[in-house]
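K.L.:
From first to last, the protein sequence lines are chains A and B. Numbering-wise, the first sequence is residues 1 to 350 according to our numbering. Numbering-wise, the second sequence is residues 1001 to 1232 according to our numbering. In this text, a Cβ means the ideal position worked out from N, Cα and C, and glycines have one as well.
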Amino acid sequence: MYAKDGEKYFIVDSHMHYWNAAPDNWVKGAEQYAKGWIECFHAYQGLGPADTHWTIEKFQKYSEDDLMKDLFEDGHVDMAIFQPTYLKEWYKEGFNTTERNALMGEKHPGKFIYNTRFDPRDGDPGLEELKRNVERFGSKGVKLYTAEWNTGSRGYKLSDPTTYRFLEAAQNLGIKNIHVHKGPTIWPLDKDAFDVSDVDHAATDFPDLNFIVEHVGLPRIEDFCFMATQEPNVYAGLSVVIGGLMHARPRFFAKVMGELLFWVGEDKMTFGSDYGIWEPKWQVEGFVDWEMPEGEEFADYPRLNAAGKKKILGLNAARLYDIKVPLEYEVPAQAGQPAAQDDAQLVTGT
Amino acid sequence: MTTATDVASAAWAALATVRDPELDEPVTDLGFVASCDVSPDGTARVLLRLPTYFCAPNFAYLMVADAYDAVSAVPGVRSAEVVLEDHFASDPINTGVAARAGFVRSFDGEAVAELDELRAAFLRKAVMAGTDLVCRPLLQAGTAPDALPAMTLRDAPPSTALDRLRRRRAELNLPADDGAPLVIDPATGEGITAERMPLHLRRARVTRAGIEANTGICSGMFRHRYRDREDQ
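#1: The alpha helix (DSSP H) spanning A:G311 covers which residue range?
#2: When the Cα atoms are used, what is the spatial distance from B:Y1226 to A:G48?
#3: Of all the CB atoms in chain C, is at least one closer than 8 Å to the CB of B:T1207?
#4: Are the C-beta of B:C1055 and some C-beta of chain A separated by less than 8 Å?
#5: Any idea if A:A317 is buried or exposed, counting beta-carbon neighbours within 10 angstroms, 16 or more meaning buried?
#6: What do you reckon, are the CB atoms on A:F226 and A:D13 nearer than 8 Å?
#7: Under 8 Å between C-beta atoms, does A:L47 make it to chain B?
#8: Should A:H17 be labelled buried (16 or more other beta-carbon atoms within 10 Å of its own) or exposed?
#9: Sorted by chain position, which residues of the same chain lie with C-beta nearer than 7 Å to B:T1215's C-beta, five sequence neighbours on each side aside?
#10: For the beta strand (DSSP E) containing A:N177, name the first residue and the last one.
#11: Compare the C-beta of B:M1221 with all C-beta atoms of chain A and state if any pair is closer than 8 Å.
#12: Please return the same chain residues whose Cβ sits closer than 7 Å to the Cβ of B:L1047, not counting the five positions on each side in sequence.
#13: Would you mind listing the alpha helix (DSSP H) stretches within the region 1103 to 1147 of chain B that are 4+ residues and don't spill past its ends, in chain order?
#14: On the premise that A:L158 lies in contact with A:V199, defined as a C-beta separation below 8 Å, what is that separation, rounded to the nearest angstrom?
#15: Along the region 149 to 174 of chain A, what residues have a CB closer than 7 Å to any CB found in chain B?
#16: Would you mind reading off the limits of the beta strand (DSSP E) that contains A:F82?
#17: Going by DSSP in three states, A:E231 sits in which element: helix, strand or coil?
#18: Based on Cα-Cα distance, which residue from A:G295, A:K88, A:R251, A:E279 lies nearest to A:E148?
#19: So which residues on chain B does A:F226 lean against when the C-beta distance must stay under 9 Å?
#20: Which residue comes first and which comes last in the alpha helix (DSSP H) that contains A:K281?
#21: With 16 as the cutoff for other CB atoms within 10 Å, does B:R1167 come out buried or exposed?
#22: For chain B, check one thing: does any of its Cβ atoms lie closer than 8 Å to the Cβ of A:D192?
#23: If you compare alpha carbons, which of A:I277, A:T97, A:M257 is closest to A:G308?
#24: Closest Cβ-Cβ distance between A:R249 and chain B: below 8 Å?
#25: Flag A:W263 as yes if its beta-carbon sits less than 8 Å from any beta-carbon of chain B, otherwise no.
#26: What number of angstroms, rounded off, separates the C-alpha of A:K281 from the C-alpha of A:G36?
#27: Hey, is the region 163 to 177 of chain A in contact with the region 186 to 197 of chain A, meaning 3+ C-beta pairs nearer than 8 Å?
#28: Using the Cα positions of A:A248 and B:A1213, report the straight-line distance between them to the nearest angstrom.
#29: Could you give the C-beta distance for B:L1201 and B:A1180, rounded to a whole number, given that I count them as a contact under 8 Å?
#30: On the criterion of 16 or more Cβ atoms from any shown chain inside 10 Å, does A:H179 qualify as buried, or is it exposed?
#31: In this structure, how does DSSP classify A:A304 when only helix, strand and coil are distinguished?
#32: Is there a Cβ from chain A that is less than 8 Å from the Cβ of B:I1184?
#33: Just verifying my parser: in three-state terms, what is the DSSP assignment at B:C1055?
#34: Quick check on the burial criterion: 16 or more other C-beta atoms within 10 angstroms. Buried or exposed for A:H42?
#35: Which chain A residues are close to B:A1111, counting only those with a beta carbon under 8 Å from its beta carbon?
#36: Shortest alpha-carbon distance to B:A1101 belongs to which of B:M1197, B:R1078, B:Y1061?
Laid out in structure tokens, this is it:
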């Protein structure tokens, strides 16, 4: 919970991790990838305020105490959603598995939601594992990493028939939310790995599932925005947007926020700290204080008021995950309209 | 007499024509050229580096291949060696470019086409972003949005943004002469009608915002990876 200027914010961190990327977890023969991956993540942390930077040693493997303090004591978070990232090609026990998350989270009842994952290239054993995980951890969401390496394959698409089989199975198991991460390699390598058109297809064909595109398709915001305008079940996950831009590039942050508010709307944007990349404290506090800058460049972007910030910081994700929010944090209905509705019709008409 | 230093300067100038296709900026401005040396016998050695170990291998390949072509064409350069360092695909890229193997052969079994369409797709994005850069000041200065469909490239005041937009259009074989429409669909080259103009300008603006934000993140990551370390 965060309170400022008489407003109270219920905070759902809808995208966070508890990983082990220390050398003891590196796969023999793949050390350079395991090392390259965590160093790449660490460089992202460099985009946050200097007093929140960690050493690479802490960053490779932070503790349960670090996480509990950074999220719940200092970071204002009320409920956190674990998003697993397996990467078992490079990390022996996985980078951040459903089991690792739950083993830790179960010591702190009521604080965490455990999302799981699937990989369509795992075939029938993968379907069995998905079923076991949903039953065991009560998952309502999955995190999909389309660029993940898997026995020589450099990625897959959401629109592949094998993926549809998993999406159908997930839906039958009660999964509601599909978090999608686009990454830097995908097969075939001559295609743009960040292309979001496969999400477009899947969102159309699975209208009862929600698709939360993490990092708003960065670096392809334009493709994401145009797609999200046309698909009512596509959401903008703001991890990396707030963490990577708000401090380091405030004017670009304002423009990206302006575009998202225009095309997607404040009802379909969700906050995620991407912890351990960035701590939530400065993100939550900075976002509550944030205002669209003055100036011609920003003049025709929609504005975001306290009600909109409450939705983005927690209420929207609470709705997706059926999290009970005390009445005092709620906003009156109709407090904000998706800014892009008129233009959504314009787009659909072309 | 042409000295090795002159040739090295010319090689550097040639590298300034190589762009990151995704960010649409010269690799020299982005800091991606770690070094460029030419030995007295005319052997050019270029070292490239990128913001992360996992930058997309297709764009990385294009930059290495373009750098190789640009430096090889410099008078006085007899042979060129371009090396990408600190990247998960350094080996296939460096070997493939040196052997002039093309992308498909360099990534045996992992790619089914060369990168021309990928490059063109990003040039079209650059045209969209450039459209915002050129049209926004016009509208701010009082040009009515209704007037844009009838305007030609000649009608826009000279600027570096306009020159750049023309060059990007020319690279795509889209109309880029004085009499060509100012605002075109980069997929077809046809002028944008009044009816389609508001949405087209919105798309141009979001495309520019996306490229700028991406460049901001990439340069921040690059600084963390190399410059901060050197500063210490």
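P.N.:
Let's see:
#1: Against the first sequence, residue 311 of chain A aligns to sequence position 311. Checking the displayed sequence, the identity of residue 311 of chain A turns out to be Lys instead of Gly. Here A:K311 belongs to no alpha helix (DSSP H), and DSSP marks it neither H nor E.
#2: Within the second sequence, residue 1226 of chain B is the residue found at index 226, counting from 1. Within the first sequence, residue 48 of chain A is the residue found at index 48, counting from 1. Note on geometry: alpha-carbon atoms of B:Y1226 and A:G48 lie some 17 Å from one another.
#3: Absence of chain C from the displayed structure is noted, the protein chains being A and B.
#4: The residue given as residue 1055 of chain B occupies position 55 in the second sequence. Judged by the 8 Å Cβ criterion, B:C1055 is in contact with chain A.
#5: As a working note, residue 317 of chain A is residue 317 in the first sequence. So A:A317 ends up on the buried side.
#6: Along the first sequence, read from residue 1 onward, the residue named residue 226 of chain A stands at position 226. Along the first sequence, read from residue 1 onward, the residue named residue 13 of chain A stands at position 13. Result no, Cβ atoms of A:F226 and A:D13 do not sit closer than 8 Å.
#7: Looking up residue 47 of chain A in the first sequence gives position 47. Taking Cβ atoms only, chain B reaches closer than 8 Å to A:L47, which makes this a yes.
#8: As a position in the first sequence, residue 17 of chain A is number 17, starting the count at 1. Looking at its Cβ environment, which holds 16 or more other Cβ atoms inside 10 Å, A:H17 is buried.
#9: For the purposes of this step, residue 1215 of chain B is taken as the residue at position 215 of the second sequence. Residues of the same chain with a CB within less than 7 Å of the CB of B:T1215, apart from the 5 flanking positions on each side, are L1023, E1025 in chain order.
#10: By 1-based counting over the first sequence, the position of residue 177 of chain A is 177. 177 to 181 is the extent of the beta strand (DSSP E) around A:N177.
#11: Here residue 1221 of chain B refers to the residue found at position 221 when the second sequence is read from its first residue. Under the Cβ criterion of 8 Å, B:M1221 is counted among the residues facing chain A.
#12: Mapped onto the second sequence, residue 1047 of chain B falls at position 47. Excluding positions up to five away in sequence, the list reads A1034, S1035, V1083, E1085.
#13: Runs found: 1116 to 1140.
#14: Here residue 199 of chain A corresponds to residue number 199 of the first sequence, with the count starting at 1. Here residue 158 of chain A corresponds to residue number 158 of the first sequence, with the count starting at 1. Going by Cβ atoms, the distance from A:V199 to A:L158 rounds to 6 Å, so yes, they are a contact pair.
#15: Against chain B - using a Cβ distance shorter than 7 Å - the residues of the region 149 to 174 of chain A are R154.
#16: Residue mapping note: residue 82 of chain A aligns to position 82 of the first sequence, counting from 1. Where A:F82 is concerned, the enclosing beta strand (DSSP E) stretches over 79 to 82.
#17: Here the question's residue 231 of chain A lines up with position 231 in the first sequence. Coil, per DSSP.
#18: Translated into the one-based positions of the first sequence, residue 148 of chain A becomes position 148. Here the closest residue by C-alpha is A:K88.
#19: As a first step, residue 226 of chain A is located in the first sequence; it is residue number 226 there, counting from the start. Within chain B, the residues near A:F226 are R1203, V1206.
#20: To locate residue 281 of chain A, count along the first sequence from 1; it is residue 281. Looking at the DSSP string, the run of the alpha helix (DSSP H) that includes A:K281 is 280 to 289.
#21: As a first step, residue 1167 of chain B must be located in the second sequence, where it is residue number 167. By the neighbour-count criterion, in which a residue is buried when 16 or more other Cβ atoms sit within 10 angstroms of its Cβ, B:R1167 is exposed.
#22: Here residue 192 of chain A corresponds to residue number 192 of the first sequence, with the count starting at 1. Chain B, which has a Cβ nearer than 8 Å to the Cβ of A:D192, makes this yes.
#23: On the first sequence, residue 308 of chain A is found 308 positions in, with the first residue counted as 1. Checking every option, the nearest Cα to that of A:G308 belongs to A:M257.
#24: Position 249 of the first sequence holds residue 249 of chain A. Taking Cβ atoms only, chain B reaches closer than 8 Å to A:R249, which makes this a yes.
#25: Locating residue 263 of chain A in the first sequence gives position 263, counting from the first residue. Yes, A:W263 counts as interfacial toward chain B.
#26: On the first sequence, residue 281 of chain A is found 281 positions in, with the first residue counted as 1. On the first sequence, residue 36 of chain A is found 36 positions in, with the first residue counted as 1. The straight-line gap from Cα to Cα measures roughly 27 Å.
#27: no
#28: Stepping through the first sequence from its first residue, residue 248 of chain A is reached at position 248. Stepping through the second sequence from its first residue, residue 1213 of chain B is reached at position 213. Approximately 10 Å between the Cα atoms of the pair.
#29: Walking along the second sequence from the start, residue 1201 of chain B turns up at place 201. Walking along the second sequence from the start, residue 1180 of chain B turns up at place 180. At roughly 18 Å, the Cβ-Cβ gap does not stay under 8 Å, so B:L1201 and B:A1180 are not in contact.
#30: Position 179 of the first sequence, counted from the first residue, corresponds to residue 179 of chain A. So A:H179 counts as buried.
#31: In the first sequence, counting from the first residue as 1, residue 304 of chain A sits at position 304. Strictly speaking, residue 304 of chain A in this sequence is Leu, with Ala absent from that position. Under the three-state reduction of DSSP, A:L304 is assigned to coil, being neither helix nor strand.
#32: In the second sequence, counting from the first residue as 1, residue 1184 of chain B sits at position 184. Chain A contact via Cβ: absent.
#33: Residue mapping note: residue 1055 of chain B aligns to position 55 of the second sequence, counting from 1. B:C1055: coil per DSSP, three-state reduction.
#34: In the first sequence, residue 42 of chain A corresponds to position 42, counting from 1. Per the 10 Å Cβ criterion, buried.
#35: Reading the second sequence from its first residue, position 111 is the one you call residue 1111 of chain B. Within 8 Å Cβ-Cβ: P188, L189, D190.
#36: Numbered from its first residue, the second sequence carries residue 1101 of chain B at position 101. When each option's Cα is compared against that of B:A1101, the closest is B:Y1061.
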